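Residue numbers (the numbering used here): 188 to 405. The structure appears right after this line, and notes come after that.
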Amino acid sequence: MMTRRQVSAGLSAGGALAAAPAIAASQAAKSRALPEPRQQGGMPLMSALKLRRSARAYSDRPLSDQTLSDLLWAAFGVNRPSGDRTAPYWRHVMVIDVYAVMADGVWVYEPKSHALSPYLKDDVRALTGLQDFVATAPLNLVYVAHGERMTDVSPEERRLYASVDAGFIGQNVYLFCASEGLGSVFRGAVDYQKLAKALHLPGQQFVTFAQTVGYPSA
Ligand SMILES: Cc1cc2nc3c(=O)[nH]c(=O)nc-3n(C[C@H](O)[C@H](O)[C@H](O)COP(=O)(O)O)c2cc1C
188 MMTRRQVSAG
198 LSAGGALAAA
208 PAIAASQAAK
218 SRALPEPRQQ
228 GGMPLMSALK
238 LRRSARAYSD
248 RPLSDQTLSD
258 LLWAAFGVNR
268 PSGDRTAPYW
278 RHVMVIDVYA
288 VMADGVWVYE
298 PKSHALSPYL
308 KDDVRALTGL
318 QDFVATAPLN
328 LVYVAHGERM
338 TDVSPEERRL
348 YASVDAGFIG
358 QNVYLFCASE
368 GLGSVFRGAV
378 DYQKLAKALH
388 LPGQQFVTFA
398 QTVGYPSA
């Protein structure tokens, strides 16, 4: 039997692509390298907490590669030699993959290599939520859970623990955004079936929540 650590190591974010080889292979695209994330600086924590809030109006200004890199690292990057992350996660099993849904397609964040793997070429931002701004904001993060990795628990518990994992990532994103002058909103108003279909999620994978990120327009 594999230990929790072995399960997590063997089934990291790359598992998302393994689960949908036809999609990844048909794209025949390479991973997108991200600049080294800046792991120092930013706003003092208490100041970021003071500014944390949800935003629902975004400009279409894109995020720079450096900002995207810093954001993804803050969200769920590797912060220790053990491979563990900036957010805690259930039973040491890596359940959540962070999908970055942008104008140029859908990418899966690979924390170990700190890169983005191409997943879909289509712009499916409009399908990530039921609010208009999701279609034009530069980035919608979608927190996808691998239900099949959560053994010995009921479907209700799967959803519960995966949602908590996503919530921690979401708060990291909120605080990073507050520190960087970005807007964000964590979202459950999603057509889950439509989004799972658009993302070609296999059987036991499911969307927990989505989160928009961009520069506020108002
Ligand atoms: C689980 C959860 C789901 C949420 N879903 C949505 C949503 O679908 N759309 C939205 O605009 N805000 C959503 N929010 C954001 C809340 O509405 C927001 O955090 C709350 O009103 C407090 O505002 P604040 O974040 O500015 O402090 C959600 C927040 C949480 C924690």
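We put the CB at the ideal spot given by N, CA and C, even for glycine. Nothing here was measured: the structure is a model prediction, and the numbers come from that model.
May I ask you to report which of helix, strand or coil DSSP gives G390? coil
Grouping DSSP H, G and I as helix and E and B as strand, with all else coil, what is H279? helix
The alpha helix (DSSP H) that contains P305, what's its start and end? Taken as a continuous stretch (DSSP letters only), P305 belongs to no alpha helix (DSSP H), being part of the beta strand (DSSP E) at 302 to 307.
For Y361, which three-state DSSP category applies? helix
Apply the 10 Å Cβ neighbour rule to D257 and answer buried if 16 or more other Cβ atoms are within range, or exposed otherwise. buried
Leaving out the 5 sequence neighbours to the left and right, which residues in its chain are closer than 6 Å to F363 when beta-carbon positions are compared? L258, A261
Do G370 and F396 have their CB atoms nearer than 9 Å? no
For Q214, which of helix, strand or coil comes out of DSSP? With a pLDDT of only 49 at Q214, under 50, the local geometry of the prediction cannot be trusted, and the value read off the model is given with reservation. In the structure shown, Q214 sits in a helix (DSSP, three-state: H, G or I).
Quickly, what does DSSP pair F355 with across the bridge? List them, please. Answer is none; F355 lacks a bridge partner.
So which of V400, P224, M337 has the shortest CA-CA distance to M281? M337
Alpha-carbon to alpha-carbon, R312 and A322: 5 Å
Collapsed DSSP secondary structure at T273 in the structure displayed: coil
Where does T315 sit, in a helix, a strand or coil, going by DSSP? helix
Selected residue, minimal CA-CA separation from L328, among S341, I283, R346, A220: I283
How is G401 classed by DSSP in three states: helix, strand or coil? strand
Grab me the residues of Q253's own chain with a C-beta within less than 6 Å of its C-beta, minus the 5 sequence neighbours each way, in chain order. P222
State the Cα-Cα distance for the pair A287 and L326, rounded to the nearest angstrom. 7 Å
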